[in-house]
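In the numbering used here, the protein residues as written are 58 to 151. Note that CB positions come from ideal geometry on N, CA and C, so glycine has one too. This report refers to the structure that appears directly beneath it.
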């Protein structure tokens, strides 16, 4: 069963990479990267159970935290960039 879950997780990670490359918008790409990170955490957890390595759970937890903070940082960057563009367009109209 662990092998089936691992294979299914790898397939969904591949689909997430396809979505990250194809887009069409920046937010779709960020969501796909976030999904890839979540699936990586799941894969690490399955590997930890499969091989009896509980230290991989610590790695999975650390990766989940890094993934979460990284996605928030990227979204904040794009949001501030969109605000900056709006302000520049408003100033150009005046």
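Within the same chain, 89, 92 and 93 come within 6 Å of residue 73 by CB-CB distance, once the 5 residues on both sides are set aside. Residue 69 has its alpha-carbon roughly 21 Å from the corresponding atom of residue 114. Classified as buried, residue 117 has 16 or more neighbouring CB atoms from the shown chains inside 10 Å of its CB. Within the same chain, and ignoring the five residues on either side of residue 76 in sequence, the residues whose Cβ sits closer than 6 Å to its Cβ are 89.
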